[in-house]
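Letter by letter, the sequence shown follows residues 61 to 395 of this note's numbering.
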Amino acid sequence: MNFGYREVCLDHDTGPRHPESPDRLRAVRRALKDRHGVEYVAPNDVDMELVHGVHDADYVEEFREFCDDGGGNWDADTVAVEATWDAAVASAGLAVWAAETAMDGVSARDTPFALGRPPGHHAVYDDAMGFCFINNAAVAAQAALEADAERVAIFDWDVHHGNGTQDIFYDREDVFYASIHEDGLYPGTGAIDETGENDADGTNLNVKYQPGADTADYLAAIDEAIGPAIADYDPDLLVVSAGFDAHEHDPISRMRVTTEGYGAMTQRVRTLADDCGADLSFVLEGGYGLDTLSDSVTTVHEVFDGYEPMEPDDGVSEDARDVLDRVAAQGFGSK
Numbered sequence: 061m062n063f064g065y066r067e068v069c070l071d072h073d074t075g076p077r078h079p080e081s082p083d084r085l086r087a088v089r090r091a092l093k094d095r096h097g098v099e100y101v102a103p104n105d106v107d108m109e110l111v112h113g114v115h116d117a118d119y120v121e122e123f124r125e126f127c128d129d130g131g132g133n134w135d136a137d138t139v140a141v142e143a144t145w146d147a148a149v150a151s152a153g154l155a156v157w158a159a160e161t162a163m164d165g166v167s168a169r170d171t172p173f174a175l176g177r178p179p180g181h182h183a184v185y186d187d188a189m190g191f192c193f194i195n196n197a198a199v200a201a202q203a204a205l206e207a208d209a210e211r212v213a214i215f216d217w218d219v220h221h222g223n224g225t226q227d228i229f230y231d232r233e234d235v236f237y238a239s240i241h242e243d244g245l246y247p248g249t250g251a252i253d254e255t256g257e258n259d260a261d262g263t264n265l266n267v268k269y270q271p272g273a274d275t276a277d278y279l280a281a282i283d284e285a286i287g288p289a290i291a292d293y294d295p296d297l298l299v300v301s302a303g304f305d306a307h308e309h310d311p312i313s314r315m316r317v318t319t320e321g322y323g324a325m326t327q328r329v330r331t332l333a334d335d336c337g338a339d340l341s342f343v344l345e346g347g348y349g350l351d352t353l354s355d356s357v358t359t360v361h362e363v364f365d366g367y368e369p370m371e372p373d374d375g376v377s378e379d380a381r382d383v384l385d386r387v388a389a390q391g392f393g394s395k
């Protein structure tokens, strides 16, 4: 794969014991060091006009000034220092690079993956939250739409609901947002009946699983709901908001996706994009166990380098089946 990466993203210092630390990117880089086919690109900062396409300009300026003044606690979880502004605009630039590179026809073994931080999917239109300041995936989608894409789909497999991405595009027909996330976890959003509003009704799909959902449950969500819905939407670009905190050994969630499971999900997404004729890019979100994060990102890369992940032996749980039935009742997918 082609990985977008910039050293400035390490300068966003969240302090000791914060789960979203620079060590996340360092661990991923170490794990990819000796892998075949890994290439790195260091693109430019994001164009601020793209950021203003998905965020309130006054909020963006407030964030910049907050960092210029030395930063601090934006809220209880979301921490900034002076260098956070530079890291955030670099991270958003990485996401835009990944989207534009995919739309330029770069695919297969060279599929682009933006390795940036801070992450983005909790950043709403006019506020930062959940470790996030600029919504990287949303900016990437906006960049694609301002190029030549008519429709963009975002599939968020982070264990937390991407409330910011949903918020930004909830009444827009040009972006389809789909999420698998854990019920009862931060930020508490992402109900199954939240399907978009006005003319965008039917462009927002939430699979809200109970704690303990495993790889088979996640694959069923893709096979039965998210995949068919995205195929029906027929996007020009598919952006994966790739968080790896649904891993069975992640320290802040209770899901049971395996490292191999992330490989299987990657294979599903790759096939889906091919079948839709959509370009494909990845944007890093969460994942807070350094070993599980780095192993999972490496597995995503290995799938694009020819690795065939193993399918799980177990079937879909009763809890997951109930959720998928409720999703189907909203008009998404089929058994």
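Beta carbons are placed, not taken as given, at the ideal position from N, Cα and C, and that holds for glycine.
Could you tell me how far apart the beta carbons of Ser167 and Leu340 are, in whole angstroms, since I believe they sit closer than 8 Å?
-> As a working mapping, residue 167 is identified with position 107 in the sequence shown. As a working mapping, residue 340 is identified with position 280 in the sequence shown. The beta-carbon separation of Ser167 and Leu340, rounded to 7 Å, stays under the 8 Å limit for a contact.
Segments of 3+ residues assigned as beta strand (DSSP E) that fall wholly inside the stretch 67–153 | The stretch 67–153 contains, as complete beta strand (DSSP E) runs of 3+ residues, the segments 99–101 (chain order).
With DSSP as the reference, label Val166 as helix, strand or coil.
-> In the sequence shown, the residue the question calls residue 166 occupies position 106. Residue state, collapsed to three classes: coil.
Quick one: Cα of Pro18 to Cα of Gly346, how far?
-> No answer is possible for residue 18: it lies beyond the span of the chain, which begins at 61 and ends at 395.
Give me the Cα-Cα distance between Lys395 and Asn266, rounded to the nearest whole angstrom.
-> To locate residue 395, count along the sequence shown from 1; it is residue 335. To locate residue 266, count along the sequence shown from 1; it is residue 206. Reliability fails at Lys395, whose pLDDT of 44 lies under 50, so the model's placement of it is uncertain and no value is given.
Inter-residue spacing [alpha-carbon to alpha-carbon] between Pro137 and Val387 = Translated into positions along the sequence shown, residue 137 becomes position 77. Translated into positions along the sequence shown, residue 387 becomes position 327. Note that residue 137 is Asp in the sequence shown here, rather than Pro. Near 31 Å, if we compare the C-alpha coordinates of Val387 and Asp137.
Can you tell me whether DSSP reads Lys395 as helix, strand or coil?
-> Residue numbering aside, residue 395 sits at position 335 when the sequence shown is read from its first letter. Residue placement at Lys395 is poorly supported in this model, since its pLDDT is 44, which falls under 50; the coordinates are not used for a value here.
Tell me the DSSP bridge mates of Ile240?
-> Position 180 of the sequence shown, counted from the start, is the residue given in the question as residue 240. Val267, per the DSSP bridge assignment.
Whether Val360 touches Thr326 by CB criterion (7 Å) = Within the sequence shown, the letter at position 300 stands for residue 360. Within the sequence shown, the letter at position 266 stands for residue 326. Taking 7 Å as the Cβ cut-off, Val360 and Thr326 qualify as a contacting pair.
Helix, strand or coil for Met315, going by three-state DSSP, please let me know.
-> The sequence position of residue 315 within the sequence shown is 255, counting from 1. Per DSSP, reduced to three states, the secondary structure at Met315 is coil, with no helix or strand assignment.
Could you pull out every residue in the same chain whose Cβ sits closer than 6 Å to the Cβ of Asp379, ignoring the five residues on either side in sequence?
-> Taking the first residue of the sequence shown as position 1, residue 379 is located at position 319. If we look at Asp379 and ignore the five residues flanking it on each side, its Cβ neighbours are Gln270.
Pair every Cβ in the stretch 361–380 with every Cβ in the stretch 202–221, then say whether three or more of these pairs are closer than 8 Å.
-> Inter-segment contact for the stretch 361–380 and the stretch 202–221 is absent: fewer than three beta-carbon pairs are separated by less than 8 Å.
Could you tell me which of Ala197, Asp277, Asp231, Glu242 sits nearest to Asp259, measuring between CA atoms?
-> By one-based count along the sequence shown, residue 259 stands at place 199. Nearest neighbour of Asp259 by Cα position, chosen from Ala197, Asp277, Asp231, Glu242, turns out to be Asp231.
For Leu298, verify whether its CB is less than 6 Å away from any heavy atom of the ligand FAD.
-> The model on display carries no ligand, and the ligand FAD is accordingly not part of it.
Give the secondary structure of Ser341 by DSSP, where H, G and I count as helix, E and B as strand, and everything else as coil.
-> Taking the sequence shown and counting its residues from 1, one reaches residue 341 at position 281. Ser341 falls in the strand class under three-state DSSP.
Write down every uninterrupted run of the alpha helix (DSSP H) in the stretch 321–379 whose length is 4 residues or greater and which is fully enclosed by it, in chain order.
-> If we require 4 residues or more, the alpha helix (DSSP H) runs fully inside the stretch 321–379 come out as 350–364.
So Ala213 packs on Phe236, CB below 8 Å; how close in whole Å?
-> As a working note, residue 213 is residue 153 in the sequence shown. As a working note, residue 236 is residue 176 in the sequence shown. Cβ-Cβ separation between Ala213 and Phe236: approximately 4 Å, consistent with a contact (criterion under 8 Å).
Bounding residues of the alpha helix (DSSP H) (the contiguous stretch that carries Phe229) | As a working note, residue 229 is residue 169 in the sequence shown. Start and end: 223–229.
Given that a residue counts as buried once 16 or more other Cβ atoms are within 10 Å of its Cβ, and exposed if not, what is Val383?
-> As a position in the sequence shown, residue 383 is number 323, starting the count at 1. Buried, because 16 or more other Cβ atoms sit within 10 Å of the Cβ of Val383.
Three-state class that DSSP yields for Gln390 in the structure shown = Within the sequence shown, numbered from 1, the residue matching residue 390 stands at position 330. In the structure shown, the three-state DSSP call for Gln390 is coil.
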